[in-house]
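Take a look at the structure below.
Residue numbers (my numbering): 1242 to 1946.
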């Protein structure tokens, strides 16, 4: 034990990291990616935009919930020992520090590097006279007609300001009476946030152009000050589906109410007039520590426009998705995906292997196949133009029995899901909303087909959503099978979700909320009984459930080696002597969002015989206790080898990664991204498999997955 570890062990009195502060640590790692010189410049800009987008959601959901606890007088300590008001202050302090780091990085490193590549974010005063003339014409023709200034006076109360809307606070003076007035001007959200100057890659924030032309909006008045501000509001959906007579109507009503959620964060420019600032603080009823002042333009999600510029030298080299080997061979032979699955189970790995030619094709073939009798699937998040939802509509219109379980309360996708629910119902799809009191998060599709020798059930189990757009950005795994026992489990799962059934026992699946947590704890304890021969590997998005963490602590102290790869929240405290000395935690970030969940238990099938699972469930209380989730076993040896290969790349000590220590600090480790990274290694390996070259796993695409 090092001296530092001894000192820390002596004073430790808590066993869990706070989930919200741990999430902020994740966003700090996102920010760290923008500092990585080995990453192309525009990709670094994208990480800055992602950092801001992440914070927006964090305030709308997590901070809003915390504020509600404080208002309700809640004072109990969380698992980390903090009371709500203490956590509120710690969050504020951490976020103030992080956004200051973001601004510093952007101002001192990123913007100068962009300028060196003739990509410039300009201010109005820096624009040439000729360019100002062009922008003025743009203002007169396209901006001025849609602006609506709202003055505040005894006849006009302070206007409602919607969440995340960019606004301009204007102080006006009547030159005749000397009277001062405040006005709010909303920057229309349909306008491009960054206006591109003609024949250049130079940009100017649209609010700068509006502010420069304010006299045209307030004729005869003096503009004494003008600055931008933005407010974040509580945007979490609060629907009691046990009380709601019509869940669809209740969600639609709650979406309308969401606009009026309480304010939880106020963002302003640091040049703001003190009088205006105090007015905003009072009107939005926020505290001083809820105010964030910026030197650069507000809402840096606007940087997505710059990161999307088509400058290949400053972007990641494209990694075109390949078609999984057996599917590629079937396509060449004009065979159906069902014939491939009948041969043996199929594993696909997105986005290295194409979602479109596997999962999307599976549903499309089912929708068009005259032998298909029924299709059942869950839809948690999908796109507004979802090809999969359109396939379900086509199938229903030609008489196939189609059932869609749509989760109306999928956060920030509620409106899209409401729209699809209505369209699917109109087409004749049986639309269900799952079990009262639980979110349906499991990713499963079940197709029943007449194969000539009888009905056969084909099942897709995935770790990610049925969303063709995000499937190109999220790393996920999926298994296709017609294994009778797994198919029977899938049928039982859908019957449980759509009907009234208390039989929720399964042969192979671990299903939440009744059996997933207990099943995982028993697998962990089985490793503990193996002592130093025990081995657990977990790849997941988040780990915060205290019961699961305590089980892992017990296994660690029994001698079990536990390796955890976590993308986001991690409440476990690794490397503490006497508690977690055999636990290591690392995090991998890259061009893809690591989204798959892989669970390996070294002795799950007996001494030295591992048991593998993949699925949609993280080790969070919400996943284990308040959602319908499922983990499916990986039964085929070749599929297990693939999963092992994935984990071996992600745990390679030379690949860029972050390591969590006992104090909660994440330390950057491994090589530069300019040399290599785990995701690039995985892509090259998957591509080699498709091309039929021997891999280090010792099998070729000819053997297939």
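From the three backbone atoms N, C-alpha and C, an ideal C-beta is built for every residue, glycine too.
Candidates the options: closest to residue i by CA position
| i | options | result |
| --- | --- | --- |
| residue 1912 | 1509, 1260, 1279, 1570 | 1279 |
| residue 1511 | 1791, 1266, 1466, 1899 | 1466 |
| residue 1306 | 1475, 1513, 1622 | 1475 |
| residue 1434 | 1427, 1447, 1624 | 1447 |
| residue 1590 | 1293, 1855, 1284, 1552 | 1855 |
| residue 1874 | 1792, 1903, 1751, 1333 | 1751 |
| residue 1618 | 1541, 1408, 1688 | 1688 |
| residue 1422 | 1517, 1849, 1528, 1853 | 1517 |
| residue 1586 | 1876, 1318, 1271, 1543 | 1876 |
| residue 1536 | 1765, 1337, 1310, 1865 | 1337 |
| residue 1369 | 1346, 1438, 1791 | 1438 |
| residue 1757 | 1864, 1357, 1792 | 1864 |
| residue 1690 | 1746, 1760, 1606 | 1606 |
| residue 1698 | 1803, 1339, 1733, 1678 | 1733 |
| residue 1700 | 1547, 1615, 1861 | 1615 |
| residue 1612 | 1576, 1552, 1573, 1696 | 1696 |
| residue 1896 | 1413, 1296, 1320, 1923 | 1923 |
| residue 1415 | 1463, 1351, 1428 | 1463 |
| residue 1916 | 1257, 1255, 1277 | 1277 |
| residue 1801 | 1576, 1672, 1772 | 1772 |
| residue 1552 | 1441, 1860, 1502, 1468 | 1441 |
| residue 1576 | 1910, 1610, 1308 | 1610 |
| residue 1909 | 1273, 1627, 1262, 1258 | 1273 |
| residue 1264 | 1362, 1779, 1861, 1533 | 1861 |
Delimiting residues of the alpha helix (DSSP H) encompassing residue i
| i | result |
| --- | --- |
| residue 1787 | 1787 to 1798 |
| residue 1692 | Careful: residue 1692 lies outside any alpha helix (DSSP H) and carries neither H nor E. |
| residue 1631 | 1628 to 1638 |
| residue 1946 | No alpha helix (DSSP H) contains residue 1946, which DSSP labels as neither H nor E. |
| residue 1263 | 1260 to 1276 |
| residue 1508 | Careful: residue 1508 lies outside any alpha helix (DSSP H), inside the beta strand (DSSP E) at 1504 to 1510. |
| residue 1757 | 1757 to 1770 |
| residue 1389 | Counting along the chain, residue 1389 falls outside any alpha helix (DSSP H), and DSSP gives it neither H nor E. |
| residue 1642 | First-last for residue 1642: 1642 to 1647, but that is the beta strand (DSSP E), not the alpha helix (DSSP H). |
| residue 1356 | 1352 to 1357 |
| residue 1928 | 1919 to 1931 |
| residue 1563 | Taken as a continuous stretch (DSSP letters only), residue 1563 belongs to no alpha helix (DSSP H), as it is neither H nor E. |
Pair within 8 Å by beta-carbon distance, residue i and residue j
| i | j | result |
| --- | --- | --- |
| residue 1670 | residue 1645 | yes |
| residue 1707 | residue 1568 | no |
| residue 1470 | residue 1509 | yes |
| residue 1811 | residue 1714 | no |
| residue 1903 | residue 1815 | yes |
| residue 1237 | residue 1405 | Any question about residue 1237 goes unanswered here, given that the chain covers just 1242 to 1946. |
| residue 1268 | residue 1288 | no |
| residue 1684 | residue 1867 | no |
| residue 1393 | residue 1830 | no |
| residue 1564 | residue 1598 | yes |
| residue 1768 | residue 1777 | yes |
| residue 1842 | residue 1764 | yes |
| residue 1531 | residue 1505 | yes |
| residue 1290 | residue 1542 | yes |
| residue 1458 | residue 1388 | yes |
| residue 1721 | residue 1603 | yes |
| residue 1907 | residue 1266 | yes |
| residue 1775 | residue 1796 | yes |
| residue 1384 | residue 1432 | yes |
First through last residue of the beta strand (DSSP E) which encompasses residue i
| i | result |
| --- | --- |
| residue 1300 | Here residue 1300 belongs to no beta strand (DSSP E), and DSSP marks it neither H nor E. |
| residue 1383 | That residue, residue 1383, is in no beta strand (DSSP E); it is neither H nor E in DSSP. |
| residue 1813 | It is not in any beta strand (DSSP E) - residue 1813 carries neither H nor E in the DSSP assignment. |
| residue 1781 | 1776 to 1781 |
| residue 1407 | 1407 to 1414 |
Near the ligand ATP: residue i beta-carbon under 7 Å from a heavy atom
| i | result |
| --- | --- |
| residue 1724 | As far as ligands go, the structure on display features none, and thus does not contain the ligand ATP. |
Is the segment 1877 to 1890 close to the segment 1519 to 1529, with three or more CB pairs under 8 Å?
no
Taking contact to mean 3 or more Cβ pairs, one atom from each stretch, closer than 8 Å, check whether the segment 1924 to 1932 and the segment 1585 to 1597 are in contact.
With the cut-off at 8 Å, the segment 1924 to 1932 and the segment 1585 to 1597 touch.
At a cut of 8 Å, does the segment 1378 to 1386 reach the segment 1435 to 1452 through at least three beta carbon pairs?
yes
What ranges does the beta strand (DSSP E) occupy inside the segment 1817 to 1900, keeping only unbroken runs of at least 3 residues that lie completely in it?
1824 to 1828, 1838 to 1842, 1852 to 1856, 1868 to 1874
Is the segment 1280 to 1296 in contact with the segment 1545 to 1556, if contact means three or more CB pairs nearer than 8 Å?
yes
Can at least three beta-carbon pairs, one atom from the segment 1298 to 1314 and one from the segment 1327 to 1345, be found at a separation below 8 Å?
With a cut-off of 8 Å on Cβ pairs, the segment 1298 to 1314 is in contact with the segment 1327 to 1345, counting three or more such pairs.
Cβ pair count under 8 Å reaching 3, the segment 1716 to 1723 against the segment 1829 to 1837
Yes: at least three Cβ pairs fall under 8 Å.
Taking only runs that begin and end inside the segment 1431 to 1473, name each unbroken alpha helix (DSSP H) of 4 or more residues, in chain order.
1447 to 1453, 1455 to 1458
Is there contact between the segment 1801 to 1810 and the segment 1820 to 1829, where contact requires at least three CB pairs shorter than 8 Å?
yes
Closer than 8 Å is the cut-off here; do at least three beta carbon pairs connect the segment 1630 to 1638 with the segment 1721 to 1730?
no
Which runs of the alpha helix (DSSP H) spanning at least 4 residues fall entirely within the segment 1709 to 1741, listed in chain order?
The segment 1709 to 1741 contains these whole alpha helix (DSSP H) runs: 1725 to 1739.
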